[in-house]
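>
Residue numbers (the working numbering): 123 to 337.
(1) Give, in chain order, every unbroken run of the beta strand (DSSP E) that is at least 3 residues long and sits entirely within the region 217-273.
(2) Leaving out five residues before and five after residue 320 in sequence, what residues of the same chain have Cβ atoms less than 8 Å from its Cβ?
(3) What's the call for residue 271, buried or exposed, on a 16-neighbour Cβ count within 10 Å?
(4) Would you mind stating whether residue 251 and residue 240 have Cβ atoms separated by less than 7 Å?
(5) Taking 7 Å as the cut-off, decide whether the C-beta atoms of residue 206 and residue 176 are in contact.
(6) When DSSP labels each residue in this structure, what does residue 160 get in the three-state scheme?
(7) May I have the straight-line CA-CA distance separating residue 311 from residue 303, to the nearest angstrom?
(8) Distance check for residue 266 and residue 168, CA to CA, integer angstroms please.
(9) Out of curiosity, what's the CA-to-CA distance linking residue 296 and residue 172?
(10) Nearest-angstrom Cα distance between residue 157 and residue 316?
(11) From the DSSP secondary-structure annotation, give me the bridge partner or partners of residue 181.
(12) Who are the Cβ neighbours of residue 334 in its own chain at under 6 Å, not counting the five residues just before and after it?
(13) Do you know how far the Cα of residue 318 is from the Cα of residue 300?
(14) Going by Cα to Cα distance, which pick from 215, 231, 212, 213 is closest to residue 221?
Printed below as a string of structure tokens:
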């Protein structure tokens, strides 16, 4: 579990940072903020710095949902939706790919209800909880639907309730202890996902993949 220290955000509200899941699937800036961007109003100016470099499950509370290109919030991102969530009142960034520049630009989305994978929800950063779409959730690529960027941002934003508990399976790197990325199909036991109502009777999952991924 992460510690609850905080560090000032660098970058502020200036030029959009290119800090979300770097690689072949990063693409250009969004043209406009999507519907639901008011959920960014309470975005944090400082962030924690204790996400260890690993794949893990982030169990926290939704603080804000920041659409691509929103420069009113600290550490903006041009190509990713940023879910800000807190642990013990300290904010962290969960960075979600919503646009690809390899193959089709549309990220594919599916939703399902399934018990939370791993131990019961408990506030913190848990690096001992693997996730595989196929073996853990029974999810396969044909059920995913190609979703244009603006529609995908709006769909995810609409699902997220400010102040609600959330679990996000993601990967944090050594250079960004305030953020976790790769919230999509990756590799065996390291698939990213968003889980709503993770501590309730019917957790609701948002899963994403790219068009060249079949499983």
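From the three backbone atoms N, C-alpha and C, an ideal C-beta is built for every residue, glycine too.
A quick note: this is a predicted structure, and the numbers were derived from the prediction, not measured.
Per the coordinate set shown:
(1) Complete beta strand (DSSP E) runs here, min 3: 229-235, 246-248, 267-269.
(2) Cβ within range, chain order: 181, 238, 243, 287, 288, 289.
(3) A residue is called buried once 16 or more other Cβ atoms fall within 10 Å of its Cβ, and residue 271 is buried on that count.
(4) Their beta carbons are under 7 Å apart, which means residue 251 touches residue 240 by this criterion.
(5) Cβ atoms of residue 206 and residue 176: not closer than 7 Å.
(6) DSSP places residue 160 in the helix class (H, G or I) of the three-state scheme.
(7) Taking the straight line from one Cα to the other gives about 15 Å.
(8) For the pair residue 168 and residue 266, the Cα-to-Cα distance works out to about 35 Å.
(9) Inter-residue distance for residue 296 and residue 172 is about 10 Å (C-alpha atoms, whole angstroms).
(10) With a pLDDT of only 44 at residue 157, under the threshold of 50, the placement of this residue in the model should not be trusted, and no figure is reported.
(11) For residue 181, which the question treats as bridged, DSSP gives the partners 246, 289.
(12) The answer, listed in chain order, is 225.
(13) Roughly 21 Å separates the two Cα atoms.
(14) Nearest to residue 221 by alpha-carbon distance, out of 215, 231, 212, 213, is 231.
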